[in-house]
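Q: Under numbering that gives the first Met the number 0, think of the first position of the sequence shown as 0, with each following residue one higher.
This structure is in structure tokens; I'll ask about it shortly.
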Amino acid sequence: MYEYAIAWEWLTFAVRWLHVITAIAWIGSSFYFIALDLGLVKRPHLPPGAYGEEWQVHGGGFYHIQKYLVAPASMPEHLTWFKWESYMTWLSGFALLCLVYYGGADLFLIDRNVLDVSTPVAILISLASLGLGWILYDLLCKSPLGKNTWGLMIVLYFILVAMAWGYTQVFTGRAAFLHLGAFTATIMSANVFFIIMPNQRVVVADLIAGRIPDPKYGVIAKQRSTHNNYLTLPVIFFMLSNHYPLAFATAFNWIIAALVFLMGVTIRHWFNTTHARKGKPTWTWLVTALLFVLIMWLSTVPKVLTGESAGLAPSAQRFASNDHFPAVRDLVSTRCSMCHAAEPVWEGVRAAPKDVIFESDSAIALHAREIYLQAGRSHAMPPGNVTGMTKQERALITAWFETSAEGS
0 MYEYAIAWEW LTFAVRWLHV ITAIAWIGSS FYFIALDLGL VKRPHLPPGA YGEEWQVHGG
60 GFYHIQKYLV APASMPEHLT WFKWESYMTW LSGFALLCLV YYGGADLFLI DRNVLDVSTP
120 VAILISLASL GLGWILYDLL CKSPLGKNTW GLMIVLYFIL VAMAWGYTQV FTGRAAFLHL
180 GAFTATIMSA NVFFIIMPNQ RVVVADLIAG RIPDPKYGVI AKQRSTHNNY LTLPVIFFML
240 SNHYPLAFAT AFNWIIAALV FLMGVTIRHW FNTTHARKGK PTWTWLVTAL LFVLIMWLST
300 VPKVLTGESA GLAPSAQRFA SNDHFPAVRD LVSTRCSMCH AAEPVWEGVR AAPKDVIFES
360 DSAIALHARE IYLQAGRSHA MPPGNVTGMT KQERALITAW FETSAEGS
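Okay, here's the thing in structure tokens:
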């Protein structure tokens with residue numbers, strides 16, 4: 000059983016690595032094409048149907064790029080599609096959601112002080128929110144409101160804020176932010192899968208058949224691509240936030256999320272305006288900085304971190320009832336409590352790392368797997384072994400976890 004925990008940890012690491020790699024590929028290509036599109040220059044020598052061109056230099060060579068607003072007169076012999084970057088980012092992200100939050104629901108997904116639900120119910124809520132979010136967004140885009148760019152953006156913003164609040168009423172703060180990122184990323188990837196790619200296939204089919212493609216397909220795809228562009232940076236923030244409890248585990252976490260979406264808009268506005276050669280709106284950086292300062296203030300007023308679970312799940316009870324537990328509890332209190340406390344005493348540590356607080360038997364039992372992996376089977380904790388944990392103490396942690404797992 001204990002080897003299973005190690006294998007599971009490595010599997011999670013591998014999927015997380017894959018997710019980061021694919022996300023870099025998707026975000027990189029997305030940002031590049033938005034910048035390219037905004038920087039196109041109209042010139043009189045362009046071929047019929049071409050909207051603009053741009054010259055670029057990279058890697059010791061020059062690139063001459065032309066964009067057709069609808070499509071060229073005939074189908075190119077070689078056509079590169081950009082889709083798997085998006086698909087693999089979502090698929091790897093969903094796999095990571097399953098491994099970490101569904102597989103560890105009692106620890107990472109459910110906070111019984113927020114909403115006391117079973118693991119299957121919590122997972123169903125998670126899945127339903129992701130699917131219904133896309134359906135609602137897609138219906139709005141296809142409604143008459145979809146023709147009003149600014150009106151649609153405002154409505155979408157308030158939907159995202161409402162989801163931020165809603166998730167904090169259902170899940171742990173960590174899971175709420177992760178789900179908000181997944182909710183947004185699902186919309187982005189679904190835009191590619193259900194709208195952008197099918198519209199491009201219609202245009203390609205028309206070209207092959209010798210028909211003139213309808214320009215509406217390009218307009219619709221461009222709108223969805225623009226939405227993705229403004230949503231990318233907040234998604235990255237939410238995906239990274241699980242390492243920073245001051246962001247996700249404070250009283251005003253949903254307001255922090257709302258401000259993060261605004262920062263995504265201000266930052267992308269600067270880049271988009273600059274790439275379009277319409278000036279450099281430096282005021283956006285001041286607004287972004289002020290929003291971030293406001294977020295920092297909200298994270299500590301008041302200082303409210305995630306509380307104790309109302310009760311121990313059966314999976315954690317066996318660790319608390321193990322014969323080694325009293326010794327492990329004393330060990331954790333001695334070696335780990337300087338940082339992992341409601342009020343850490345280690346200089347420079349203002350909040351418990353990852354919001355993990357070892358001030359009760361239940362908290363230690365709930366984090367048995369993490370203690371085992373971080374301080375038993377590896378020397379990751381304490382960092383630099385600053386509290387002087389011995390080999391014998393690490394062996395005690397290992398024996399505690401493994402005998403508890405074997406007895407389950």
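Even glycine gets a Cβ: it sits at the ideal position worked out from N, Cα and C.
All of these numbers come straight from a predicted model, not from anything done at the bench.
1. Specify whether the stretch 316-334 and the stretch 361-374 touch according to this definition: at least 3 beta carbon pairs, one from each stretch, less than 8 Å apart.
2. Within 10 angstroms of the Cβ of S320, are there 16 or more other Cβ atoms? Answer buried if so, exposed if not.
3. With burial defined as no fewer than 16 other Cβ atoms inside 10 Å of the residue's Cβ, what is the status of A309: buried or exposed?
4. As a quick exercise: from Q65, D115, M152 and N241, pick the residue whose alpha carbon is nearest that of G51.
5. Within the continuous beta strand (DSSP E) that includes K66, where are the two ends?
6. Does the Cβ-Cβ distance between A24 and E84 come in under 8 Å?
7. Where do the N-terminal and C-terminal ends of the alpha helix (DSSP H) with G165 fall, by residue?
8. Say whether the stretch 183-203 touches the stretch 89-97, bearing in mind that this needs 3 or more beta-carbon pairs closer than 8 Å, one atom from each stretch.
9. Based on Cα-Cα distance, which residue from D205, A70, Y156 and W149 lies nearest to L135?
10. Please report the residue range of the alpha helix (DSSP H) in which G92 lies.
11. Using DSSP with H/G/I as helix, E/B as strand and the rest coil, what is A408?
12. Are the stretch 253-273 and the stretch 281-290 touching, with three or more C-beta to C-beta distances below 8 Å?
13. Using DSSP with H/G/I as helix, E/B as strand and the rest coil, what is G51?
14. Measuring CB atoms only, is the stretch 122-140 touching the stretch 65-74, in the sense that at least three cross pairs come out at less than 8 Å?
15. Would the C-beta of W282 count as close to the ligand FAD, meaning under 7 Å from any of its heavy atoms?
16. Is the Cβ of M380 closer than 8 Å to any Cβ of chain C?
17. Am I right that A374 and R393 are in contact with their C-beta atoms under 8 Å? What's the rounded C-beta distance?
18. Kindly indicate which three-state DSSP category H57 falls into: helix, strand or coil?
19. If we count the other Cβ atoms within 10 Å of its Cβ and call it buried at 16 or more, is N228 buried or exposed?
20. Locate the alpha helix (DSSP H) running through I207, then write down its first and last residues.
21. Using a Cβ distance threshold of 8 Å, determine whether the stretch 203-212 contacts the stretch 239-249, with at least three qualifying pairs required.
22. Buried or exposed, going by whether 16 or more other CB atoms sit within 10 Å of the CB of T389?
23. Quick check on the burial criterion: 16 or more other C-beta atoms within 10 angstroms. Buried or exposed for F176?
24. What do you get for F193, buried or exposed, if any count of 16 or more other CB atoms within 10 angstroms of its CB means buried?
25. If contact is defined by three or more beta carbon pairs under 8 Å, each pair taking one atom from either stretch, is the stretch 247-255 in contact with the stretch 161-175?
26. Quick one, which of A341, I122, Q55 and R111 has its alpha-carbon nearest Y101's?
27. In chain order, which continuous runs of the alpha helix (DSSP H) of length 4 or greater are located wholly inside the stretch 261-303?
28. In chain order, what residues of the same chain lie with their CB nearer than 8 Å to the CB of L95, ignoring the 5 residues before and after it?
A: Put simply:
1. These segments touch.
2. Numbered from 1 along the sequence shown, position 321 holds the residue referred to as residue 320. Label assigned to S320: exposed.
3. The sequence position of residue 309 within the sequence shown is 310, counting from 1. Note that A309 scores 45 on pLDDT, short of 50, meaning its location in the model is unreliable; the coordinates nonetheless yield the value given after this. So A309 ends up on the exposed side.
4. Your numbering for residue 51 matches position 52 in the sequence shown. Nearest option by C-alpha distance: Q65.
5. Working through the sequence shown from its first residue, we reach residue 66 at position 67. Segment G60 to Y67, the beta strand (DSSP E) holding K66.
6. The residue labelled residue 24 in the question sits at position 25 within the sequence shown. The residue labelled residue 84 in the question sits at position 85 within the sequence shown. Cβ atoms of A24 and E84: closer than 8 Å.
7. As a working mapping, residue 165 is identified with position 166 in the sequence shown. Under the DSSP assignment, G165 falls in the alpha helix (DSSP H) whose first and last residues are T148 to T167.
8. yes
9. Here residue 135 corresponds to residue number 136 of the sequence shown, with the count starting at 1. Cα-wise, what sits closest to L135 is Y156.
10. Translated into positions along the sequence shown, residue 92 becomes position 93. W83 to L96 is the span of the alpha helix (DSSP H), which, as asked, contains G92.
11. Lying outside 0 to 407, the shown extent of the chain, residue 408 is not represented and no answer is given.
12. Three or more pairs of CB atoms, one per stretch, sit closer than 8 Å, so the stretch 253-273 contacts the stretch 281-290.
13. As a position in the sequence shown, residue 51 is number 52, starting the count at 1. In the structure shown, G51 sits in a strand (DSSP, three-state: E or B).
14. no
15. As far as ligands go, the structure on display features none, and thus does not contain the ligand FAD.
16. Absent here is chain C; the protein component of the structure consists of one chain.
17. The count along the sequence shown starts at 1 and reaches residue 374 at position 375. The count along the sequence shown starts at 1 and reaches residue 393 at position 394. Going by Cβ atoms, the distance from A374 to R393 rounds to 6 Å, so yes, they are a contact pair.
18. The residue given as residue 57 occupies position 58 in the sequence shown. Correct three-state label for H57: strand.
19. As a working note, residue 228 is residue 229 in the sequence shown. With 16 or more Cβ atoms within 10 Å of its Cβ, N228 is classed as buried.
20. Taking the sequence shown and counting its residues from 1, the one referred to as residue 207 is at position 208. Per DSSP, I207 belongs to the alpha helix (DSSP H) from M196 to A208.
21. The stretch 239-249 and the stretch 203-212 do not touch, with fewer than three beta-carbon pairs separated by less than 8 Å.
22. Against the sequence shown, residue 389 aligns to sequence position 390. Looking at its Cβ environment, which holds fewer than 16 other Cβ atoms inside 10 Å, T389 is exposed.
23. Position 177 of the sequence shown, counted from the start, is the residue given in the question as residue 176. F176 is buried by the Cβ-count criterion.
24. Counted from its first residue, the sequence shown places residue 193 at position 194. Per the 10 Å Cβ criterion, exposed.
25. yes
26. Residue numbering aside, residue 101 sits at position 102 when the sequence shown is read from its first letter. Per the Cα distances, I122.
27. 282-297
28. For the purposes of this step, residue 95 is taken as residue 96 along the sequence shown, with counting starting at 1. Here the set comprises T11, V14, R15 and H18.
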